[in-house]
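Numbering (the numbering used here), first residue to last: 134 to 461.
Just below is one structure, and these are the notes that go with it.
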Ligand SMILES: [Zn+2]
């Protein structure tokens with residue numbers, strides 16, 4: 134086994150061994166990444182993560198990005214048998230593994246009884262209801278907050294007024310691809326240079342302005358990408374198309390992001406969530422504690438408090454395998 138001088142060497146070894154067992158020979162090529170992932174897991178949750186990894190229904194495979202594939206959907210309100218889930222993980226991106234493990238945990242008994250949409254956490258409601266209500270109510274405010282932070286970030290890292298120029302000339306830049314006429318293209322290039330847009334664009338990428346904002350608002354930002362196209366701004370999220378596939382994806386991504394932050398060294402990301410979406414954060418915490426308690430104490434999940442009538446779903450086609458591809 135790989136030797137490091139890390140104080141939690143034993144836990145890290147358990148983690149690496151589990152991954153090795155699940156990915157077989159392919160893990161050898163990814164050892165450095167696996168150790169990085171193990172160290173990234175918060176010491177408080179290494180036992181928990183290792184217990185989740187010991188679940189034989191979970192399989193893991195290396196991949197260039199990250200995705201979660203539900204092999205067995207399970208049955209509504211049946212929490213007696215763990216269902217097969219396979220996660221594909223880029224071992225060299227620290228947050229990918231924890232995020233996909235979050236999805237796999239949500240679907241421990243299949244996505245037809247995902248914890249995020251079926252387990253009651255407060256006032257007779259499931260996380261999906263609490264999150265959806267709060268998100269729909271606050272969405273314009275959340276967008277304003279995140280975009281405000283993005284603009285301030287650009288202005289303070291590049292120069293005051295840079296965001297306004299960037300925003301003003303972005304549509305022109307985006308149209309460049311459709312402009313075939315050489316003269317016209319030349320004129321657009323000139324305008325983009327002279328306005329300062331090109332320099333701002335370059336600095337924006339070089340200084341990773343979008344990264345700072347993403348770190349701060351990760352789960353909220355991703356949810357916002359279900360209503361706004363933020364890809365032109367270099368902000369990461371899923372897309373309008375992705376979220377239109379199934380309305381449950383919104384809470385599922387929220388759960389996976391929050392789960393990843395919870396079990397890794399990303400606790401600071403919760404500051405924005407606590408401030409901006411306190412009800413959702415609280416509901417997530419309750420659900421997490423419930424899952425954590427059952428896993429750590431080897432309890433059966435058959436006592437989970439579930440909705441008697443399922444929360445109106447559902448775009449899920451039971452006959453079709455559902456595949457979900459995530460950016461991270
Ligand atoms: Zn995801």
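Every residue gets a Cβ at the ideal spot worked out from N, C-alpha and C, and that includes glycine.
Subject >> Candidates 190, 417, 243: closest to residue 211 by CA position >> reply: 243
Original post:
So is residue 216 buried or exposed if we call it buried at 16+ other beta carbons inside 10 Å?
Top reply: buried
**OP:** Let me know the secondary structure DSSP gives residue 216 once reduced to three states.
**Re:** coil
**OP:** Could you tell me which residues DSSP pairs with residue 401 in its beta bridges?
**Re:** Looking at the DSSP assignment, residue 401 forms no beta bridge with any residue, so it has no partner.
**OP:** Assign residue 200 to one of two classes, buried (16 or more other C-beta atoms within 10 Å of its C-beta) or exposed (fewer than that).
**Re:** buried
Original post:
Alpha carbon to alpha carbon, what distance is there between residue 319 and residue 177?
Top reply: 57 Å
**OP:** Would you tell me roughly how many angstroms separate the C-alpha atoms of residue 167 and residue 179, rounded to the nearest one?
**Re:** 14 Å
**OP:** Could you tell me if the beta carbon of residue 389 falls within a distance shorter than 7 Å of some heavy atom in ligand 1?
**Re:** yes
**OP:** Could you tell me which of 144, 219, 204 sits nearest to residue 95, measuring between CA atoms?
**Re:** As displayed, the chain neither begins before 134 nor continues past 461, which places residue 95 out of reach and without an answer.
Subject >> Length of the line joining the Cα atoms of residue 378 and residue 418 >> reply: 27 Å
**OP:** Could you tell me whether the region 234-251 touches the region 268-285, using the rule of 3 or more Cβ pairs below 8 Å?
**Re:** no
Subject >> Given residue 268 as reference, the closest of 259, 420, 437, 413 once Cα atoms are compared >> reply: 413
**OP:** Buried or exposed for residue 322, please, with buried defined as at least 16 other CB atoms from any protein chain shown within 10 angstroms of its CB.
**Re:** exposed
Original post:
Less than 7 Å between the CB of residue 324 and some heavy atom of ligand 1, yes or no?
Top reply: no
Original post:
What span of residues does the beta strand (DSSP E) with residue 202 cover, start to end?
Top reply: 199-203
Original post:
According to DSSP, is residue 184 helix, strand or coil?
Top reply: helix
**OP:** Could you check which residue in 240, 310, 195 has the C-alpha nearest to that of residue 226?
**Re:** 195
**OP:** Go through the region 231-293 residue by residue and report every complete run of the beta strand (DSSP E) that reaches 3 residues or more, in order.
**Re:** 253-255
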